[in-house]
Amino acid sequence: MLSMTLSEKKTIDTMRALAMDAVQAAKSGHPGTPVALSPIAYLLYNERMKYDPNRPNWPGRDRFILSIGHASTLIYATLHVAGVKALDDDGNPTDQPAVTLDDLKTFRQLGSRCAGHPEYGHVAGVEMTTGPLAAGVASSVGFAMANNWLAARYNKPGFDLFDANVYALCGDGCMMEGLSSEAASLAGHLQLSNLCWIYDLNKITIEGDTELAFTESVADRFAAYAWNVREVEDVNDLPALRQAFDAFEAEHERPTLIIVKSKIAYGAPTKEGKASAHGAPLGDDEIAGAKAFYGLDPDAKFARDDDVYQQFAQNLGKRGPELSAAWDAKFASYREAYPELAAELDLIFAGKLPQDWDKALEPFPADEKGMASRASSGKVLNRLAAGIPWLIGGSADLTPSNNTWLYDEAAGVFAPKQAGRNIRFGVRENAMAAITNGLVLSGLRGYCATFFVFADYLRPMLRLAALMKIPTLFVFTHDSIGVGEDGPTHQPVEHLASCRAIPNVAVFRPADANEVSEAYKAAMLLTETPSLMVLTRQNLPTVDRTRYGAASGVAKGAYVLADCEGTPDVVLIGTGSEVDLCLKAADKLGEEGVKARVVSAPCLELFARQSAEYRESVLPKEVKARVGVELGVELGWGRLLGDAGKFLGMTSFGDSAPAAKLMEHFGFTVDNVVALAKESIAEAR
Ligand SMILES: Cc1ncc(C[n+]2csc(CCOP(=O)(O)OP(=O)(O)O)c2C)c(N)n1
């Protein structure tokens, strides 16, 4: 053991032992890496980070993100020993521990705070959900950007409210994932000097030595990304770690990567350095041997002395509350000097919107020629941005196509040393979404954009947003074969179904400009759900709302847009660009004496959340003749359509041709909708 005081050693070794014991008790988990990396967690929390264990959500804190989510017992043992306090349901600090010894003993069991991988909102002190490798490091870029943005907007001379550092701990797996490369490349470009990744170079993954599949120089790679790269030969060398962190803090131009060598399952008699220590309990003998090696009682389980807690209490326990109290005092004077800005910050910290956030939204006049929903989206986004100063985001190199630029001169561009509201993510969809999650977890309303077909490139981060219950906003344009000549690589077919399949997402596919406006409004109010705007490239008529149902129906997910006298013979249900087809088909059916109702269904998830009465008022059970029309696959429509229902959708990939030709080719015509309506009526009899 190198350069540790005895009390430091005892604390670190106790953290290692708690992690091993928790995995052993659970009979599953990943013991080797928490054991090896306890010195890093110890040093960061007890010495380096601006962090108040009594207020784990204090806005001025540094962030620690465990990108190697499988090493979850590292964060759980740290939060436990560091005395971090739980939060109540409203986010207020309590005097209860965030992680009790019982929580550690019930690691991975139903109801335990200590889930298999760290989950945001599950346990105080976990800044985001991690487990999918590299998600943590990628989102850490968003956290670092958010801090810079908040600093640029709110810090004033004498009031450095935002000067946080962001630390992310990653491993060989994170470094192999393309996602970390995307994110690191952008972080280097943006010169995020408040960002520090610590790379655990233990050269072990599940299948064995990293030599099997990973032989490049990560140091050279990151130097090429314009990062400040430091190396520490032994994770147990605390002075060397301190020096590396000093070098990070002294760096003002580049993000820092600290490459730290470690041995997985350090101290385990036969499993140290072996892949077998990665993802299975070490076993009683190995644990006893490791404890003996550390100088702890080999037979004691979940043992810890009071002085271990004292080690944290005397340092972090004093330093943290002093820092946060000083920050509070600073914020109180700031509030006097800048009451309006302080009021904005109150809202950001509480996850709320300004009072008149939707004031600039205005109706679009009826217009047969209309506009593409991507175009109305651009207008609506700018109107929203006027009312929500912390709405920020951008596109993965498709801004001119996605229409996501914020035009207000004051909005500015997020560039090196410049924290504007327009972010140029480059062609990096997955990192873009991960970063946007980081922005949102920092209190900002973040959005990101690309073509809908490339939702596949960022789907894992969309899924994480849904799992974390955060309102990340995804703007997806070019939503169907309506893309036209670019052909099937660029024409989404299965994407609506596949996005709707993710629990807790709201997929909006608005039918005209006014629905776009209402969809954004609804999305802004969904604070625990990510929203998707699925938008057209091609023009859509702006529906005459004096003739048809009000667009405010979007808030309910589906609503009656056009109705007939009495009980309808058939209900036509459309989304997005197909609503117009339904309206035209309803007119034609009317001419033939068939009574049709048209339901616009821009968000099936919101519709499912409505009362049974409301749903019945839109889709009466007695009307069994129904036609669903959507430029996507049928999957997921069964419940709305019932046995007699018919669906006009896509059953294959699209093709390369002008959009109008494709609509005809794939059967999206008024005549086909009419024919299906008649078939359904016949079957429903
Ligand atoms: C995206 C993703 N792919 C695969 C996995 C499964 N997995 C969990 S840990 C791991 C190996 C990670 O190796 P390393 O980062 O070196 O961690 P260590 O063995 O040092 O704990 C893999 C493949 C995952 N969690 N996420």
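Note that the numbering used here has the sequence shown beginning at 63, numbered continuously upward.
C-beta: ideal position from N, C-alpha, C; glycine also.
* Grouping DSSP H, G and I as helix and E and B as strand, with all else coil, what is M63? -> Any reading at M63 is ruled out, since the residue's pLDDT is 48, under 50, leaving its predicted position unreliable.
* Just tell me which of V680, L643 and H557 has its CA closest to the CA of E696. => Among V680, L643 and H557, the Cα nearest to that of E696 belongs to H557.
* Taking the continuous alpha helix (DSSP H) assigned at V475, which residues delimit it? -> Boundaries around V475 are those of the beta strand (DSSP E), V475 to A477, since no alpha helix (DSSP H) includes it.
* Which residue's Cα is closest to the Cα of S201: S560, G508, V661 and G698? -> S201 has its Cα closest to that of G508, out of S560, G508, V661 and G698.
* Asked: Whose CA, out of V641, C626, V691 and E244, lies closest to the CA of A613?
  -> Minimum Cα distance to A613 is reached at V641.
* Identify, in the order they occur along the chain, each residue of the same chain with its Cβ nearer than 6 Å to the Cβ of A448, setting aside the five sequence neighbours on each side. => A422, listed in sequence order.
* Evaluate contact between the stretch 263 to 271 and the stretch 226 to 245, counting only Cβ atoms and requiring at least three cross-stretch pairs below 8 Å. => Taking 8 Å as the limit for Cβ pairs, the verdict is that the stretch 226 to 245 does touch the stretch 263 to 271.
* To do: Grab the span of the alpha helix (DSSP H) containing V578 for me, first residue to last.
  => Its alpha helix (DSSP H) spans residues A575 to L587.
* So is F536 buried or exposed if we call it buried at 16+ other beta carbons inside 10 Å? -> Result: buried.
* To do: With hydrogens ignored, establish whether the beta-carbon of D262 is closer than 7 Å to any heavy atom of ligand 1.
  => Yes.
* Asked: Are there three or more Cβ pairs, one per stretch, closer than 8 Å when the stretch 134 to 142 is compared with the stretch 151 to 168?
  -> Touching, yes.
* Check whether Q86 and L344 have beta carbons under 8 Å apart -> Yes. Within cutoff.
* Exposed or buried, what is F411 when buried is set at 16 or more other beta-carbons lying within 10 Å of its beta-carbon? -> Exposed is the call here.
* Three-state secondary structure (DSSP) of T332 -> Coil.
* **Coarse secondary structure for D390, derived from DSSP in three states** => D390: helix per DSSP, three-state reduction.
* **Continuous beta strand (DSSP E) stretch holding F570: start and end** => Its beta strand (DSSP E) spans residues A568 to F570.
* **Buried or exposed by the 16-neighbour rule on C-beta atoms within 10 Å, applied to S662** => Buried, because 16 or more other Cβ atoms sit within 10 Å of the Cβ of S662.
* **For A84 and V146, the rounded distance between their alpha carbons** => Distance between the alpha carbons of V146 and A84: 18 Å.
* Asked: Hey, quick one: how far does the alpha helix (DSSP H) through E745 stretch, first residue to last?
  -> Counting along the chain, E745 sits inside the alpha helix (DSSP H) bounded by residues V732 to A746.
* To do: Could you pull out every unbroken beta strand (DSSP E) segment of at least 3 residues lying fully inside the stretch 361 to 447, listed in chain order?
  => List check, beta strand (DSSP E) in window: 429 to 434.
* CB contact flag (P155, R117, <8 Å) -> The answer is yes: Cβ separation under 8 Å.
* Asked: With a CB to CB cut of under 8 Å and the five nearest residues on each side skipped, what residues in its chain are close to G628?
  -> Closer than 8 Å at Cβ, skipping near neighbours: K657.
* Say yes only if the C-beta of P180 is nearer than 7 Å to one or more non-hydrogen atoms of ligand 1, and no if none qualify. => With a cutoff of 7 Å, P180 does not count as near ligand 1, since its C-beta is closer than that to no heavy atom of the ligand.
* Asked: Where do the N-terminal and C-terminal ends of the alpha helix (DSSP H) with D165 fall, by residue?
  -> For D165, the enclosing alpha helix (DSSP H) starts and ends at L163 to K167.
* **Cβ shell of G351 (< 6 Å), same chain only, five flanking positions each side left out** => So the list reads P331, once near-sequence residues are dropped.
* CB-CB under 7 Å to A354, same chain, minus the five flanking residues each way: which ones, in chain order? -> If you ignore the 5 residues before and after A354, its C-beta comes within less than 7 Å of the C-beta of P360, all in its own chain and listed in chain order.
* How many angstroms separate the CA atom of Q417 from the CA atom of A472? -> Taking the straight line joining both Cα atoms gives about 21 Å.
* Does ligand 1 have a heavy atom nearer than 7 Å to the CB of L195? -> Indeed, a heavy atom of ligand 1 lies less than 7 Å from the Cβ.
* Asked: Between I326 and ligand 1, is the CB less than 7 Å from at least one heavy atom?
  -> Yes, the beta carbon of I326 sits closer than 7 Å to at least one heavy atom of ligand 1.
* Any heavy atom of ligand 1 closer than 7 Å to the Cβ of D234? -> D234: yes, Cβ under 7 Å from ligand 1.
* Contact set for L212: own chain, Cβ-Cβ below 6 Å, skip 5 residues either direction -> Leaving aside the five residues that flank L212 on each side, the residues in its chain whose CB is nearer than 6 Å to its CB run, in chain order, F224.
* Quick one, which of G91, G131 and A214 has its alpha-carbon nearest A481's? -> For A481, the nearest C-alpha among the options comes from A214.
* To do: Look up L506 in the DSSP assignment and say whether it is helix, strand or coil.
  => Coil at L506, not helix or strand.
* **Option in S579, P451, A160 and A342 with minimal Cα separation from L407** => It is P451 whose Cα lies nearest to the Cα of L407.
* Bounding residues of the beta strand (DSSP E) (the contiguous stretch that carries D262) -> Boundaries of the beta strand (DSSP E) around D262: L257 to L263.
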